[in-house]
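**Q** The structure is given below, and queries will be raised subsequently.
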Amino acid sequence: MSQPAISIVVPMYNLELYVERCLQSLAKQTLKDVEVLVVDDGSTDDTRMLIGDFVRQNKGRFKTFTKPNGGHGSACNFGIERATGKYVMIVDGDDFLDHDTCEFMFDKAETHEADMLMGNLKYIFAAHTDKHVPIELGVDREKLLDDQDRSRLFQTWATPCARIYRRELFNDESLRFLPRIIFADVNFAPKSYLMAERIFYINRELYNYDVTRPTQSLKQTDKRVLNVIPALRDALDFYRAKFAFRAYEQELMFYTVRHCVSWLGRLRVLHGYPRQQAVRELFSVLDDYFGGTWLGDPLEQVAGRSKAALIRQSRRFGYAPIVWGWTLEQKAGPIDKKVEALLSAPLNRYRQAKKKVKKTVFRRLSI
Numbered sequence: 297m298s299q300p301a302i303s304i305v306v307p308m309y310n311l312e313l314y315v316e317r318c319l320q321s322l323a324k325q326t327l328k329d330v331e332v333l334v335v336d337d338g339s340t341d342d343t344r345m346l347i348g349d350f351v352r353q354n355k356g357r358f359k360t361f362t363k364p365n366g367g368h369g370s371a372c373n374f375g376i377e378r379a380t381g382k383y384v385m386i387v388d389g390d391d392f393l394d395h396d397t398c399e400f401m402f403d404k405a406e407t408h409e410a411d412m413l414m415g416n417l418k419y420i421f422a423a424h425t426d427k428h429v430p431i432e433l434g435v436d437r438e439k440l441l442d443d444q445d446r447s448r449l450f451q452t453w454a455t456p457c458a459r460i461y462r463r464e465l466f467n468d469e470s471l472r473f474l475p476r477i478i479f480a481d482v483n484f485a486p487k488s489y490l491m492a493e494r495i496f497y498i499n500r501e502l503y504n505y506d507v508t509r510p511t512q513s514l515k516q517t518d519k520r521v522l523n524v525i526p527a528l529r530d531a532l533d534f535y536r537a538k539f540a541f542r543a544y545e546q547e548l549m550f551y552t553v554r555h556c557v558s559w560l561g562r563l564r565v566l567h568g569y570p571r572q573q574a575v576r577e578l579f580s581v582l583d584d585y586f587g588g589t590w591l592g593d594p595l596e597q598v599a600g601r602s603k604a605a606l607i608r609q610s611r612r613f614g615y616a617p618i619v620w621g622w623t624l625e626q627k628a629g630p631i632d633k634k635v636e637a638l639l640s641a642p643l644n645r646y647r648q649a650k651k652k653v654k655k656t657v658f659r660r661l662s663i
């Protein structure tokens, strides 16, 4: 049997509402030489049953596996280690592809001898879509990334989606997702940038990324949001183990600053864990790997001058002022609404009276 062109790894956990849409999009791929490895990560709903039903009706390219729950990264690793294709693609179980995506990506990867081929994502919201571009290249619609382009990859949000990877890259067993965490994408993406010698980018939407799921990882507010800390630490340790940390120190610093600063918004609504302690743990990643260097230009370029100043000042007090500010905002919110309602009451009464006058005049003119 010939080697498949692409192995598509599909991690799934409690996605019963999305199973058919995802698998149907893979069954209809115009590239026929594809294997799909569906990994059920110990689902507790009807996901496993629906996978089985679909695969029985669509025999051929699908292989199914069930494993104990170990998180998104664990399920991805499980599939990667069983893939046989020339390239590997990750498609999350609540997302889907257009029908010609695999054929298009494979042809481009082969033509340009890419170790990684990447494109844009289409974010699917309830009432609209939006485009995520991993790297801005001006007018260039496609390009083999040079050193400057690759450095800029660290300035955007991490994702393994809308990408295919030459399977030989995974012969290095350290190129894996960190298991048992959410936000494993944060951990995997920078590793792949180091391992892929040739990265080719196409300015085209190649992946439909659904952000409407209520339990989607971006919407978590419990302690699991702190999974970003081991994710970042493991990625930084990967560069150290490959003796590449110094060569990429600036890129890694900006990457880590960007994620730590953006995570403040998530810690603001964190429940079930001390928020001040969470902030300290988050920024300790930067302290441990970059000393105080991150507090200068990297912080200002990512956060802006005023927010950077707030973070620097708060750091002197164990980040307590940031948490105090959150508490004051939460308490002031209901008061602000009451004051706004009180101040707007006269205007609302005026508008209601004006409407009544217009209706009266209209009725009289109609008689």
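Each number in the working numbering corresponds to the 1-based position in the sequence shown with 296 added. The beta carbon of each residue, even a glycine, is placed where N, CA and C say it ideally should be. Given the structure is predicted, the values throughout are model-derived calculations rather than measurements.
Please state the DSSP three-state secondary structure of G561.
**A** Indexing the sequence shown from 1 puts residue 561 at position 265. Here G561 sits in helix by DSSP.
**Q** What is the DSSP secondary structure of N523, counted as helix, strand or coil?
**A** Against the sequence shown, residue 523 aligns to sequence position 227. Residue state, collapsed to three classes: helix.
**Q** Could you spell out where the alpha helix (DSSP H) holding E438 opens and where it closes?
**A** Locating residue 438 in the sequence shown gives position 142, counting from the first residue. Counting along the chain, E438 falls outside any alpha helix (DSSP H), though it belongs to the beta strand (DSSP E) covering E438 to L440.
**Q** For N467, count neighbouring C-beta atoms within 10 Å of its own C-beta (all shown protein chains included) and say buried if the count is 16 or more, exposed if not.
**A** Here the question's residue 467 lines up with position 171 in the sequence shown. So N467 ends up on the exposed side.
**Q** Which of the three DSSP states is assigned to G415 in this structure?
**A** For this step, residue 415 is matched to residue 119 along the sequence shown. Of the three classes helix, strand and coil, the one that applies to G415 here is strand, per DSSP.
**Q** Once you ignore the five residues that flank K238 on each side, which residues in its own chain have a CB closer than 6 Å to its CB?
**A** For the chain, the structure presents residues 297 to 663; residue 238 sits outside this window and is missing.
**Q** Please classify A537 as buried or exposed, where buried requires at least 16 other C-beta atoms within 10 Å of its C-beta.
**A** Within the sequence shown, the letter at position 241 stands for residue 537. With fewer than 16 other CB atoms across the displayed protein chains lying within 10 angstroms of its CB, A537 is exposed.
**Q** On the three-state DSSP scale, how would you describe D388?
**A** The residue you call residue 388 lines up with position 92 of the sequence shown. In the structure shown, the three-state DSSP call for D388 is coil.
**Q** For the alpha helix (DSSP H) containing I607, name the first residue and the last one.
**A** The residue given as residue 607 occupies position 311 in the sequence shown. Unbroken alpha helix (DSSP H) run through I607: R601 to R611.
**Q** Residues in its own chain within less than 7 Å of A604 by CB, not counting five upstream and five downstream?
**A** On the sequence shown, position 308 is the one that residue 604 refers to. L595 and E596.
**Q** If I measure Cβ to Cβ from A480 and keep anything under 6 Å in the same chain, skipping five residues before and after, which residues do I get?
**A** Residue 480 sits at position 184 when you count from the first residue of the sequence shown. Setting aside the 5 residues that flank it on each side, A480 is surrounded in the same chain by H368, G369, F473 and L474, each with a C-beta closer than 6 Å to its C-beta; the list follows chain order.
**Q** Mind checking whether L449 and I376 have CB atoms under 9 Å apart?
**A** In the sequence shown, counting from the first residue as 1, residue 449 sits at position 153. In the sequence shown, counting from the first residue as 1, residue 376 sits at position 80. Not closer than 9 Å, so no.
**Q** When the Cβ atoms of the stretch 301-319 are set against those of the stretch 376-396, are three or more pairs found closer than 8 Å?
**A** With contact defined as three or more Cβ pairs closer than 8 Å, the stretch 301-319 and the stretch 376-396 are in contact.
**Q** Hey, how far is the Cα of Y314 from the Cα of R612?
**A** Position 18 of the sequence shown holds residue 314. Position 316 of the sequence shown holds residue 612. Computed Cα separation, rounded: 47 Å.
**Q** Looking at V482 and A422, is the spacing between their C-beta atoms short of 9 Å?
**A** Residue 422 sits at position 126 when you count from the first residue of the sequence shown. Residue 482 sits at position 186 when you count from the first residue of the sequence shown. Result no, Cβ atoms of A422 and V482 do not sit closer than 9 Å.
**Q** Alpha carbon to alpha carbon, how far is D342 from S321?
**A** Sequence index remark: in the sequence shown, residue 342 carries index 46 (1-based). Sequence index remark: in the sequence shown, residue 321 carries index 25 (1-based). Going from the Cα of D342 to the Cα of S321 covers about 20 Å.
**Q** Taking the alpha helix (DSSP H) that T397 falls in, what are its first and last residues?
**A** For this step, residue 397 is matched to residue 101 along the sequence shown. Start and end: T397 to T407.
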